[in-house]
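See below for the structure under consideration.
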Amino acid sequence: MYVAVKGGEKAISAAHELLAKVRRGDTREAELSVKQVEQQLPLAVARVMTEGAVYDPELAALAIKQSAGDLVEAIFLLRAYKTTLNRFGICEPINTEAMQIERRISATYKDLPGGQVLGPTFDYTHRLLDFSLMAEGEFSDPSDEAENLTAVPESVSKVLEILEREKLMASEMDHQHQPTDITRDPITYPADRSARLQSLVQGDEGFLLALGYSTQRGYGRNHPFAGEIRIGEVEVSIVPEELGFEIEIGAVQVTECEMVNGFTRHRDGEVKFTRGYGVGFGQCERKAMAMALVDRSLQAADYDEEVVSPAQQEEFVLSHCDNVEAAGFVSHLKLPHYVDFQSELELLRRIRAAEQSDSAKETN
Amino acid sequence: MNTSTEQRQRWISVLAKAPTESLLKLSDPVVSDMQFELIREPEIGLTQVRARMGGKGDAFNMGDMTVTRCVVRSQGDSLGFSYVAGRNKPHALRAAQLDAMLQLADFHQPLTDMIIEPLNQLMLNTQQQKQQATAATKVDFFTLVRGED
């Protein structure tokens with residue numbers, strides 16, 4: 044337990060001034076603008092929006108600048124800001140099938156209706172430092188030579204549907220269930236899948252990546268294939284009460300990963316593939332893949348699989364995946380624990396003193 | 054004037070998604086000599102974004118997005134509404150003003166021609182450029198035969 048302390052105001056405000064100075068760095072260098080962060084660090088912005096659970100690239104960029112690039116701190120800032128706003132309503136669920144495709148790949152089919160589109164990816168780069176980025180120069184747009192390209196179709200059908208049509212894949216159906224909102228009602232266990240998925244979207248990428256990796260290494264094996272990964276913009280619409288009809292309010296960029304997982308006999312008696320789903324704001328492919336792996340491992344109970352590994356343990360995963368909560372509880376160790384510690388110290392001293400007097404008696 | 058819900062949905066969508074700069078530039082001359090009563094000042098809040106399990110199953114909550122909304126009444130007594138993604142009060146105000154004006158018979162056609170159609174065209178062009186850039190990364194993979202020949 045920690046105790047309240049008083050004083051230190053001057054030192055605290057000096058520390059904050061020093062932080063501002065460190066964040067600014069060498070003043071001979073131009074100051075980084077929020078717009079630059081938003082435009083030139085879009086993947087950091089995506090992570091902060093996804094785990095901060097607010098789609099607003101400008102706010103995420105501001106949080107990154109303010110936190111001097113500490114993304115977990117930036118996520119915390121965004122979550123805190125979110126609590127100051129009213130919620131006007133609930134959007135209609137996004138339709139990722141109608142996504143304006145920027146990237147779409149499949150590791151299960153080489154030839155797909157709609158084709159494979161690499162988009163802006165780190166895949167196939169050689170991971171060699173590009174020193175040309177150190178030199179300041181004009182950026183040249185990719186050439187516009189390619190005039191006669193076959194355009195990516197407006198709406199590209201889903202890869203997993205190919206398997207569903209053949210009845211080889213567990214199908215997803217809309218039962219019109221009202222989803223749980225973990226920001227209003229704390230998770231209870233066993234959790235329903237809507238609560239799990241919301242928790243995983245906001246969950247720490249590193250934690251979920253490690254758990255996903257653990258399933259590949261044999262701790263809750265679920266035999267995954269990247270059925271389809273797509274990145275692009277989807278329309279967002281709401282039905283405002285005062286209007287009574289649906290209106291579009293804008294678009295958000297999302298990344299979606301649909302994993303095809305090992306087949307098993309389903310409750311309807313048929314043998315079919317199973318599936319895991321991952322999604323996040325912006326370009327966040329690694330996160331979406333990790334989420335899909337963990338979504339599947341957490342379905343263990345649905346397929347009567349033995350729950351033996353961390354990635355299959357719902358309560359373990361969901362109660363530790365939030366980095367704002369985790370960072371908060373770890374950080375609280377920095378708060379004054381003087382009284383607590385004194386009592387431990389005293390106890391230890393008493394034990395030692397008792398032992399010494401015992402051994403003194405023995406030698407006598 | 055009787056405009057169908059579909060027509061109104063379309064212009065509301067264009068007004069919400071248009072780049073702010075273009076929206077304001079195109080509509081400044083039209084709106085400047087009109088009077089509006091502010092029913093609900095531009096206000097920033099959140100709406101919850103939902104996705105579906107496997108893209109089409111049951112819905113779940115993904116997070117929120119920021120949104121700005123506004124309601125105005127025009128001189129012609131029509132009510133204009135706006136809900137615009139992001140935090141942008143001038144954009145939301147203008148979108149509400151135009152929504153109100155577009156419901157008036159005298160303004161509907163000229164505003165559609167001068168503002169809605171050009172904005173729509175602008176967005177189509179941007180979208181097309183994006184599609185072109187994406188199409189350049191379309192790939193054909195070859196599978197190599199493994200093992201001995």
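Going down the list, the protein sequences come from chains A and B.
For my numbering, add 43 to where a residue sits in the first sequence, where the first one is 1.
For my numbering, add 53 to where a residue sits in the second sequence, where the first one is 1.
Glycine included, C-beta positions come from ideal geometry on N, C-alpha and C.
Values in this document were obtained by computation on a predicted structure and should not be read as measured data.
Requested in this report: Under the assumption that arginine 146 of chain A contacts threonine 164 of chain A (Cβ atoms under 8 Å), give the Cβ distance between them as a whole number of angstroms.
Outcome: The Cβ separation is near 6 Å, so the contact holds.
Requested in this report: List the DSSP bridge partners of aspartate 322 of chain A.
Outcome: It should be noted that the sequence gives valine, not aspartate, for residue 322 of chain A. Answer is A/Glu299.
Query - Integer-rounded CB distance, given that alanine 138 of chain B should sit under 8 Å from valine 279 of chain A - result: Contact flag correct, Cβ pair sits at about 6 Å.
Query raised in the report: histidine 144 of chain B: which of B/Leu77, B/Ser127, B/Leu132 and B/Ala188 sits nearest, CA to CA?
Result: Answer by Cα proximity: B/Leu77.
Query raised in the report: With 16 as the cutoff for other CB atoms within 10 Å, does threonine 179 of chain B come out buried or exposed?
Result: Burial call: exposed.
Report task. Could you have a look at glycine 158 of chain A and say whether DSSP puts it in helix, strand or coil? Result -> Coil, per DSSP.
Requested in this report: Pick out the complete alpha helix (DSSP H) segments inside the region 67–142 of chain A, 4 residues or longer, and give them in chain order.
Outcome: Within the region 67–142 of chain A, the complete alpha helix (DSSP H) runs of at least 4 residues are 77–83, 85–95, 100–109 and 114–125.
Query - Sequence-distant residues of its chain with Cβ nearer than 7 Å to proline 156 of chain A (five each side left out) - result: Closer than 7 Å at the Cβ level, and outside the excluded window around proline 156 of chain A, lie Ser200.
Query raised in the report: Is it right to say glycine 325 of chain A is buried, meaning 16 or more other beta carbons lie within 10 angstroms of its own, or is it exposed?
Result: Buried, by the Cβ-count rule.
Report task. Pick out whichever of B/Leu146, B/Asn173 and B/Thr121 has its Cα sitting closest to the Cα of glycine 132 of chain A. Result -> Proximity to glycine 132 of chain A across B/Leu146, B/Asn173 and B/Thr121 peaks at B/Thr121, based on C-alpha coordinates.
**Report entry** Inter-residue spacing [alpha-carbon to alpha-carbon] between histidine 59 of chain A and valine 65 of chain A
**Finding:** Straight-line measurement puts the Cα of valine 65 of chain A at about 10 Å from the Cα of histidine 59 of chain A.
Report task. To the nearest angstrom, report how far apart asparagine 110 of chain A and glutamate 368 of chain A are at their CA atoms. Result -> One point to set straight first is that residue 110 of chain A is serine, not asparagine, in the sequence displayed. Roughly 17 Å between the two C-alpha positions.
Query raised in the report: Are any of the Cβ atoms in chain B nearer than 9 Å to that of lysine 153 of chain A?
Result: When Cβ-Cβ separations below 9 Å define contact, lysine 153 of chain A makes contact with chain B.
Report task. Compare the Cα-Cα distances from alanine 71 of chain B to each of B/Leu177, B/Thr56, B/Thr187 and B/Thr190 and report the closest residue. Result -> Cα-wise, what sits closest to alanine 71 of chain B is B/Leu177.
Query - For leucine 76 of chain B, the first and last residue of its enclosing beta strand (DSSP E) - result: First-last for leucine 76 of chain B: 73–84, but that is the alpha helix (DSSP H), not the beta strand (DSSP E).
Query - Close Cβ partners of alanine 104 of chain A (< 6 Å) along its chain, the five nearest in sequence each way excluded - result: The residues are Val77, Val80, Glu81 and Val88.
Query raised in the report: What are the residues of the region 86–115 of chain B that lie near chain A, defined by any Cβ-Cβ distance shorter than 9 Å?
Result: So the close ones are Glu96, Ile97, Gly98, Leu99, Thr100, Gln101, Val102, Arg103, Ala104, Arg105, Met106, Gly107, Gly108, Lys109, Gly110, Asp111, Ala112, Phe113, Asn114 and Met115.
Query - Sub-9 Å separation of valine 244 of chain A and glycine 110 of chain B beta-carbons - result: In this structure, valine 244 of chain A keeps its C-beta atom at 9 Å or more from the C-beta atom of glycine 110 of chain B.
**Report entry** Proximity of glycine 255 of chain A and alanine 343 of chain A at Cβ, strictly below 9 Å
**Finding:** No, these two residues do not count as a Cβ contact at 9 Å.
Query raised in the report: Does any CB atom of chain B fall closer than 9 Å to the CB of glycine 305 of chain A?
Result: No, because no Cβ of chain B sits closer than 9 Å to the Cβ of glycine 305 of chain A.
**Report entry** The alpha helix (DSSP H) enclosing aspartate 18 of chain B, as first and last residue numbers
**Finding:** Because chain B here runs from 54 to 202, residue 18 of chain B falls outside it and cannot be looked at.
Query - Within 9 Å, strictly: CB atoms of asparagine 304 of chain A and phenylalanine 359 of chain A - result: Result no, Cβ atoms of asparagine 304 of chain A and phenylalanine 359 of chain A do not sit closer than 9 Å.
Report task. Pick helix, strand or coil for methionine 332 of chain A, following the three-state DSSP scheme. Result -> The answer is helix: DSSP assigns methionine 332 of chain A an H, G or I state.
Query raised in the report: Are valine 102 of chain B and leucine 151 of chain B closer than 9 Å when you measure CB to CB?
Result: Cβ distance not < 9 Å, so valine 102 of chain B and leucine 151 of chain B don't count as in contact.
Query - Per-residue contacts from alanine 96 of chain A into chain B (C-beta, under 7 Å) - result: What alanine 96 of chain A touches in chain B: Gly116 and Asp117.
Query raised in the report: What does phenylalanine 316 of chain A pair with, by DSSP beta-bridge criteria?
Result: Answer is A/Met212, bridged to phenylalanine 316 of chain A.
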